[in-house]
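*Asks:*
Chains as they are written, first to last, in full-length UniProt numbering: chain X, 1 to 480; chain G, 1 to 480.
#1: For a test of the three-state rule: what should DSSP assign to residue 61 of chain X, helix, strand or coil?
#2: Using beta carbons (cut-off 8 Å, strictly below), is residue 310 of chain G in contact with chain X?
#3: In whole angstroms, give me the CA-to-CA distance for residue 350 of chain X and residue 50 of chain X.
#4: Please determine if the segment 425–438 of chain X and the segment 388–399 of chain G are in contact, where contact requires at least 3 C-beta pairs separated by less than 8 Å.
#5: Have a look at the DSSP bridge pairing and note the partners of residue 30 of chain X.
#6: Under the assumption that residue 440 of chain G contacts residue 409 of chain G (Cβ atoms under 8 Å), give the Cβ distance between them as a whole number of angstroms.
#7: Does the structure place the segment 13–31 of chain G close enough to the segment 112–120 of chain G that three or more beta carbon pairs sit under 8 Å?
#8: With a threshold of 8 Å, are at least 3 pairs of Cβ atoms found where one atom belongs to the segment 186–193 of chain G and the other to the segment 208–226 of chain G?
#9: On the DSSP letters alone, give me the boundaries of the alpha helix (DSSP H) that residue 70 of chain G sits inside.
#10: What residues from chain G crowd round residue 306 of chain X, counting only those whose CB sits closer than 7 Å?
#11: Might you give, ordered along the chain, the residues of its own chain that have their beta carbon closer than 6 Å to the beta carbon of residue 126 of chain X, omitting 5 neighbours on each side?
#12: Taking a Cβ distance cut-off of 8 Å, strictly less, list which residues of the segment 420–453 of chain G are near chain X, in chain order.
#13: Does the beta carbon of residue 324 of chain G come closer than 8 Å to any beta carbon on chain A?
#14: Quick one: which chain X residues come within Cβ less than 9 Å of residue 487 of chain G?
#15: On the DSSP letters alone, give me the boundaries of the alpha helix (DSSP H) that residue 372 of chain X sits inside.
#16: Please classify residue 360 of chain G: is it buried, with 16 or more other beta-carbons within 10 angstroms of its beta-carbon, or exposed?
#17: Ends of the alpha helix (DSSP H) at residue 157 of chain X?
#18: Would you check if the distance between the CB atom of residue 345 of chain G and the CB atom of residue 284 of chain G is smaller than 8 Å?
#19: Who are the near neighbours of residue 2 of chain G in its chain, counting only those whose CB is closer than 6 Å to its CB and skipping five residues on each side?
#20: Using CA atoms only, rank isn't needed, just tell me which of G/100, G/143, G/9 and G/178 is closest to residue 52 of chain G.
#21: With distances taken between CB atoms, is the gap from residue 29 of chain G to residue 36 of chain G smaller than 8 Å?
#22: Return the CA-CA distance between residue 236 of chain G and residue 447 of chain G, expressed in angstroms with no decimal places.
#23: Determine the contact status of residue 404 of chain X and residue 474 of chain X, defining contact as a CB-CB distance below 8 Å.
#24: Do the segment 250–262 of chain G and the segment 127–139 of chain G meet, that is, are 3 or more Cβ pairs less than 8 Å apart?
#25: Using the C-alpha atoms, what's the distance from residue 198 of chain G back to residue 268 of chain G?
#26: Looking only at its chain, what residues have a beta carbon closer than 6 Å to the beta carbon of residue 255 of chain X, apart from the 5 residues adjacent to it on each side?
#27: Does the beta-carbon of residue 178 of chain G have 16 or more other beta-carbons within 10 angstroms, so that it is buried, or is it exposed?
#28: Between residue 354 of chain X and the rest of its own chain, which residues show a CB-CB distance below 7 Å, the 5 nearest in sequence each way excluded?
#29: Counting only Cβ-Cβ distances shorter than 8 Å, please list the residues of the segment 399–420 of chain G near chain X, keeping chain order.
#30: If you follow the alpha helix (DSSP H) that residue 134 of chain X is in, where does it begin and where does it stop?
#31: Taking only three categories from DSSP, how would you classify residue 476 of chain G?
#32: Quick one: residues in its chain with C-beta nearer than 7 Å to the C-beta of residue 212 of chain X, no 5 flanking neighbours on either side, listed in chain order?
#33: Can you say whether residue 343 of chain X is buried or exposed, counting buried as having 16 or more other CB atoms within 10 angstroms of its CB?
#34: Please confirm whether residue 270 of chain G and residue 398 of chain G have their CB atoms less than 8 Å apart.
#35: When you compare only the Cα positions, how much space is there between residue 190 of chain X and residue 277 of chain X?
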């Protein structure tokens, strides 16, 4: 039994990124890894479930402050109990995140085998992937730093490559020696590499023991070690989270694990993986993995395609209705508040469009209509002159801060579940089809004491309706 | 003075059409002529104002039952007082509509000169157009049937053409003899015609005296005359409207004025018009008239175009944000509930897409989120399990029917203006930031007794929330 536990793999899920290459579905406030892009669950949830079950310790997720409640909630929804949710005070790329996770894991067991993986990749065959993890784990346990190499099925120029050692049997399914890393190639070089059979895609997935990777950091990137160690040692538990100490973390350089360690370390090994894999790094990749038909038409959501070829047409379940006519080589992604239409081979330039939107101050550049909070979420349904209508959903047990507003009064109508409402000195339960009035200036609080989500319609009236008209007296989520 | 009045031109605005070639902006419930497509006012409003002022009698609008309040409201907004708003019990194409208008006008003055015009065309230079009307009016007064011919600036295959008489001086600016009508040509024929200088686009605009066109109907389309005459004689005034009698109207054949009269009549005359004109018959025409830049990019609304050429990108003022990247020859029209992306030269196929949407039961095929009613409009802001949130806007003086619901209760919160609310025996004024509750089954009524629009948020709760859960006890708009 003890042996089983020491042989467990400790998954470390990197989920602090906030890419914009899949805008408008991925936005800084709720990025790609948490979105339902392919299939029924988010990429992060799929990653957590792929690395769960026999042979795996509870996963460590490492993420940013703004995503901590999303991580907790999505893990709960996927039925995965985390080992820890580590919060980076600021994004510092992958090297500091991996080292922080390794220091955390090493406190319980320096020999623990870690599997570090991005949480925004697509790996449909979880079973095959776990078999590859088992092979990699054996090598890691013997002291190797193991990378995962995907067998290429096309000369992709969007990925880095791993070069196998000269004496490697490239067809073997075991663990092979790595000769080196190759940056994203041009088309000719990519074709050569794929033809040679000696190059694999670099998936950015690694396995090692905690003490092995800490030693590698000490050797190759010693400048990172002291501040990260101080941040981990100074970390404080906050609800379900482990919050790294902000002050030392502020001094940590922004650097990827590839540059900091992998490209310098010796004796790296590769686990070849033959199954399907994608980093879903842009809309063309989503098209590829959305089961295009014989004409190349991939359609998702309420979509009507007339005589289109080689297109991705995608809308949300609740709309808008999206119609494509006579299109070729086009990606169209429609949401109620933002629409992207791009030449398919240029969809990666959406990053520039997002910058342009930021410059003109469009909230769609970074935020969704729905605003996720520790207690649930809200969205604006209508915004008029001197009034605003919101839908507010509070999770079971969720509790908004005790607050008041200087400029607005609020009408609340509960349409689902039961609310516990405090207004001034009075506390009462308000249930479906009941309403309550919160006068301007009144100290009030909203809670969901029940077992079901509570849905409430809030109608605000007043001269100023900004989110910053709030005085907080008390908050269970330690916000200010 | 008397002479001035008899020389007035009587505009007849045809505004009963419900085309779908400009979906999603034009939908059956609120079609093209009432939409703000180019410029600040609707095409119908622009047409009404173009044919107003010195020399014009108040216009007669002829439209369908569903559009009667839109017509009234848009005329009021444009500051045009109608002579009459004639309601066709059902659409029967242009011939019966023109004849009905002529019979109506002839009752006051058989010699009255009518100008019959579609209300969904674009004619930017109102002054120049009125000068052409003055020329046409003189000929009509002398007994001619006058058509308007637009000087073509390209070999358009989407329009019918007018052939000038052999002896016409094609460059003249007066009134010329017409030799015949030419159906929409193919590209080669169109090029020939434009090169010859003897062909003009048929704008579907006509002038004649009322008695002259009635006589032409009697000669060329006698089968229409009896039922239309009976429908006009049996018409009844209803509020501001003149409602044609439904029973005889049911027997009227569906036929255009071109087929019924124009192509058979002799001695037709043409007024050439040199100014810009378009029937805005599809998105390519909207592109042409939306001031495309040097790259051919026409953008309207919150739109970001990166490296696009020859495109129309159009969104609504309130969003969504629309981004186009690397597009060429594309039309993208975004609304919160519906998005069209089409090859620009195939955008006219949107009609087929609308059919497909109808078949799958998508309300966006024919209806907007906003539902226009005689008393104002409403829209659904959120629809959930057992609840619905609506924004309801009631015009000053507007009065909903006295009604009750079997399955739902309603909370009303007034956010702008003042409502007079009847619930059971009680009548009270409810003003900004006040709410009232309408229990399930209660007989109730909502009115706006004020001088400003009244905006109210309605939160419905109940097991069934369809519009058809309504029992009407009394309705000032004579609905059932």
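We put the beta carbon where it would ideally sit given N, CA and C, even for glycine.
*Replies:* Walking through what the data contain:
#1: For residue 61 of chain X, the three-state secondary structure derived from DSSP is strand.
#2: Using a CB distance cut-off of 8 Å, residue 310 of chain G does not count as an interface residue toward chain X.
#3: Taking the straight line joining both Cα atoms gives about 30 Å.
#4: Short answer: they don't touch.
#5: Answer by DSSP bridge pairing, in chain order: X/27.
#6: Residue 440 of chain G to residue 409 of chain G, Cβ: 5 Å. Contact.
#7: Because the criterion of three Cβ pairs below 8 Å is met, the segment 112–120 of chain G and the segment 13–31 of chain G touch.
#8: Below 8 Å, too few C-beta pairs join the segment 186–193 of chain G and the segment 208–226 of chain G to call them touching: fewer than three.
#9: Per DSSP, the unbroken alpha helix (DSSP H) holding residue 70 of chain G starts and ends at 68–78.
#10: Those within 7 Å of residue 306 of chain X in chain G are 349, 352 and 353.
#11: So the list reads 50, once near-sequence residues are dropped.
#12: So the list reads 432, 433, 435 and 437, given in the order they occur along the chain.
#13: Reference to chain A is not applicable here, since the protein chains of this structure are X and G.
#14: Any property of residue 487 of chain G remains undetermined from this structure, which presents chain G solely from 1 to 480.
#15: DSSP places residue 372 of chain X outside any alpha helix (DSSP H); the residue lies instead in the beta strand (DSSP E), whose first and last residues are 370–373.
#16: Note on residue 360 of chain G: under 16 other CB atoms within 10 angstroms of its CB, so exposed under the neighbour-count rule.
#17: Premise fails: residue 157 of chain X is in no alpha helix (DSSP H) and is neither H nor E.
#18: Result yes, Cβ atoms of residue 345 of chain G and residue 284 of chain G sit closer than 8 Å.
#19: Because residue 2 of chain G sits at a pLDDT of 45, beneath the cut-off of 50, its placement in the model cannot be relied upon, and the point is left open.
#20: Of the candidates G/100, G/143, G/9 and G/178, the one whose C-alpha sits nearest the C-alpha of residue 52 of chain G is G/9.
#21: No, the Cβ-Cβ distance between residue 29 of chain G and residue 36 of chain G is not below 8 Å.
#22: Taking the straight line from one Cα to the other gives about 27 Å.
#23: Residue 404 of chain X places its beta carbon 8 Å or farther from that of residue 474 of chain X.
#24: Contact between the segment 250–262 of chain G and the segment 127–139 of chain G is absent, with fewer than three C-beta pairs closer than 8 Å.
#25: About 15 Å.
#26: Cβ neighbours of residue 255 of chain X beyond the five flanking positions: 93 and 95.
#27: Flag for residue 178 of chain G reads buried.
#28: For residue 354 of chain X, where only same-chain residues beyond five positions count, the Cβ hits under 7 Å are 20, 23 and 365.
#29: So the close ones are 409, 411, 413, 415 and 416.
#30: 126–141 is the span of the alpha helix (DSSP H), which, as asked, contains residue 134 of chain X.
#31: Here residue 476 of chain G sits in coil by DSSP.
#32: Answer for residue 212 of chain X: 143 and 145, listed in chain order.
#33: Residue 343 of chain X should be labelled buried.
#34: Contact: no.
#35: When rounded, the distance between both Cα atoms is 17 Å.
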